[in-house]
Amino acid sequence: MDDGRETPGEGGLIRRLQTELEIMQRHLHMLQTIKANEPIGIIRLAELLRHPQHKIRYSLRILEQEGLIRPSPEGAVTTEKMREFLPQLEFVLREMETTVRKLRETLGASPHMPP
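Going by my numbering, the letters in the sequence shown line up with residues 4 to 118, in that order.
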């Protein structure tokens, strides 16, 4: 009988976290690739990053909404806002490392978790 609970890896919290981190990694890698090759179009980005064009379009849309890139007739280019974004991201990632370390410590203290 299915009680509605998800097993780890099939969905729920763990899978959502993994998915969000993968998307963030793709966005950041794309931002770095745009900076190194600007202006650059969708087809070339897809070739360089080895992602399907629909994922490239999605990431471009998100990066543009955040003001980190803008379209040009020749392709995507980065904006001045990107220079501010990268140090902010670095700061947030360091905070997240601290949070992850605390989560690991909490799990290590749990009587239900193997060492």
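All C-beta atoms, glycine included, are put in the ideal place defined by N, C-alpha and C.
Owing to the predicted nature of the structure, the values given are computational and were not obtained by experimental measurement.
Just to confirm, are residue i and residue j a CB contact at a threshold of 8 Å?
{"i": "Ile-65", "j": "His-32", "result": "no"}
{"i": "Leu-96", "j": "Thr-81", "result": "no"}
By Cβ distance below 8 Å, which residues in the same chain neighbour residue i in space, the five residues on each side in sequence not counted?
{"i": "Ser-75", "result": "Pro-42"}
With DSSP collapsed to three states, give me the class of residue i.
{"i": "Arg-76", "result": "Reading off the sequence shown, one finds Pro at residue 76, where the question assumed Arg. The answer is coil: DSSP assigns Pro-76 none of H, G, I, E or B."}
Among the residues of its own chain, which have a CB less than 7 Å from the CB of residue i, if the five just before and after it don't count?
{"i": "Phe-88", "result": "Leu-71"}
{"i": "Arg-73", "result": "Glu-67, Val-80 and Thr-82"}
Where residue i and residue j are concerned, what is the direct C-alpha to C-alpha distance, given to the nearest angstrom?
{"i": "Ala-79", "j": "Pro-90", "result": "21 Å"}
{"i": "Leu-48", "j": "Ile-37", "result": "8 Å"}
{"i": "Met-27", "j": "Leu-34", "result": "10 Å"}
{"i": "Ile-46", "j": "Gln-56", "result": "7 Å"}
Secondary structure, alpha helix (DSSP H): runs of 4+ residues fully inside the stretch 40 to 101 = You should have 45 to 52 and 56 to 68.
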